[in-house]
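In this note's numbering, the protein residues as written are -15 to 349.
Glycine included, every Cβ here is placed at the ideal spot set by N, Cα and C.
As the structure is a prediction and not an experimental result, all values here were calculated from the model.
Everything below concerns the one structure shown next.
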């Protein structure tokens, strides 16, 4: 398609902006009406966007298809976490969330591997179409295996707070993407101002509303705010490292798409190891120790990328990827468990949306 660097960024972030911006609102809607219904609906939207992406051949339409997929994902992801917390008893919840984290880590590495394999012998549209059978199987599995679930006695949804959160997060992500590419002209500066004003308005509204979309007083609780920051910073580092690594491996070291995907697999393996370790150690050492240890390990991994230069080989990326994967496995599941444990049953979708907003906001930044 002759993509510029900015176009390539927007193929990625056309998905990220609606995904990050909509999760709080769509999580609340899933809580009120049907968490399983939200899961199924989001999967159908995601599959539809994937079909669209496979059929178009113009940059703007590819970005639009990715945006549709982002909306679908914004429906799916809060529903996954809220269903886990609603279905599993407290004693099993941590293990369920650890499995959720390990699956996410696997997808981060397997996605580029499968895409690389497809691109060896098929058109690029196949990297969209591969999502369709996955979504179909997930819909069938949800209808057969997932029990109905919704919040009991939930009041009216705070749509004004939801709109303010959409404007704030969406504008922040837009400004962050556009500013570095085109300079801080009128558009990015206006978006940054809107994000700042929107955030202040959101906090003020939520503090006064009797049933807020997100009770911002929760950020006064150190375990909650610390876990939100941890999730944000983990994926801030990981998404940036993967984006940089894939570019370097293909365009500097000359690996093909499949070869690059294979070389990202150590990240997934390390996530699984970290998840196995945290499942055993968190009950003994506590959440603070696991998240803190993971952040130290992840910081070392990111720092090692500073040592990569034009003379580096793949070995220069191996240790950072192993450390980042281990850090995610160790820390994200206890952080997510802490975040979800801060919300009552009637707000589990909002809790999942808050966790995933931190994740995607970090990734887009």
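- Task: Helix, strand or coil for residue 138, going by three-state DSSP, please let me know.
- Result: In the chain shown, residue 138 corresponds to position 154, counting from 1. Annotated three-state conformation of residue 138 is coil, per DSSP.
- Item | Inside the region 203 to 265 only - alpha helix (DSSP H) runs reaching at least 4 residues | Runs of the alpha helix (DSSP H) lying entirely within the region 203 to 265 and spanning at least 4 residues, in chain order: 206 to 235, 241 to 247.
- Query: What do you get for residue 124, buried or exposed, if any count of 16 or more other CB atoms within 10 angstroms of its CB means buried?
  - Reply: As a first step, residue 124 is located in the chain shown; it is residue number 140 there, counting from the start. Around the beta carbon of residue 124, a 10 Å sphere encloses fewer than 16 other beta carbons of the protein chains shown; the residue is thus reported as exposed.
- Message: Extract the residue ranges of the alpha helix (DSSP H) inside the region 77 to 139, only unbroken runs of 4 or more that lie entirely within it.
- Response: Fully enclosed alpha helix (DSSP H) runs of 4 or longer: 110 to 113, 115 to 129.
- Per-residue DSSP class, three states only, for residue 297: Within the chain shown, residue 297 is the residue found at index 313, counting from 1. Note: residue 297 maps to coil in three-state DSSP.
- Supposed close pair residue 340, residue 132 - CB separation, criterion 8 angstroms: Here residue 340 corresponds to residue number 356 of the chain shown, with the count starting at 1. Here residue 132 corresponds to residue number 148 of the chain shown, with the count starting at 1. Actually they do not touch by this definition, with Cβ atoms about 22 angstroms apart.
- Task: Could you please give the first and the last residue of the uninterrupted alpha helix (DSSP H) stretch that includes residue -9?
- Result: Along the chain shown, one-based indexing puts residue -9 at 7. Looking at the DSSP string, the run of the alpha helix (DSSP H) that includes residue -9 is -11 to 17.
- Measure from the alpha carbon of residue 130 to the alpha carbon of each residue in 70, 233, 266, 244, then state which is nearest. Within the chain shown, numbered from 1, the residue matching residue 130 stands at position 146. Ranking 70, 233, 266, 244 by Cα distance to residue 130 puts 70 first.
- Task: Assign residue -6 to one of two classes, buried (16 or more other C-beta atoms within 10 Å of its C-beta) or exposed (fewer than that).
- Result: Your numbering for residue -6 matches position 10 in the chain shown. By the neighbour-count rule (16 or more Cβ atoms within 10 Å), residue -6 is buried.
- Message: What does the Cβ neighbour count give for residue 155, buried or exposed, with the cut at 16 atoms within 10 Å?
- Response: Numbered from 1 along the chain shown, position 171 holds the residue referred to as residue 155. Under this definition residue 155 is a buried residue.
- Among residues of its own chain, excluding the 5 on either side of residue 239, which ones have a beta-carbon nearer than 6 angstroms to its beta-carbon? Taking the first residue of the chain shown as 1, we reach residue 239 at position 255. 233.
- Query: Going by alpha carbons, who is nearest to residue 3 out of 49, 251, 45?
  - Reply: Numbered from its first residue, the chain shown carries residue 3 at position 19. Of the listed residues, the one whose Cα sits closest to residue 3 is 49.
- Message: Could you tell me the alpha carbon to alpha carbon distance between residue 316 and residue 289, rounded to whole angstroms?
- Response: Stepping through the chain shown from its first residue, residue 316 is reached at position 332. Stepping through the chain shown from its first residue, residue 289 is reached at position 305. Take the alpha-carbon of residue 316 and the one of residue 289: they are about 21 angstroms apart.
- Item | Nearest candidate by alpha-carbon position, reference residue 88, set 17, 256, 336 | Position 104 of the chain shown, counted from the first residue, corresponds to residue 88. With distances taken between Cα atoms, residue 88 lies closest to 256.
- Message: Assuming residue 340 is part of the alpha helix (DSSP H), what are its boundary residues?
- Response: Position 356 of the chain shown holds residue 340. That run of the alpha helix (DSSP H) goes 332 to 348.
- For residue 326, which of 180, 109, 208 has the nearest alpha-carbon? Looking up residue 326 in the chain shown gives position 342. Here the closest residue by C-alpha is 208.
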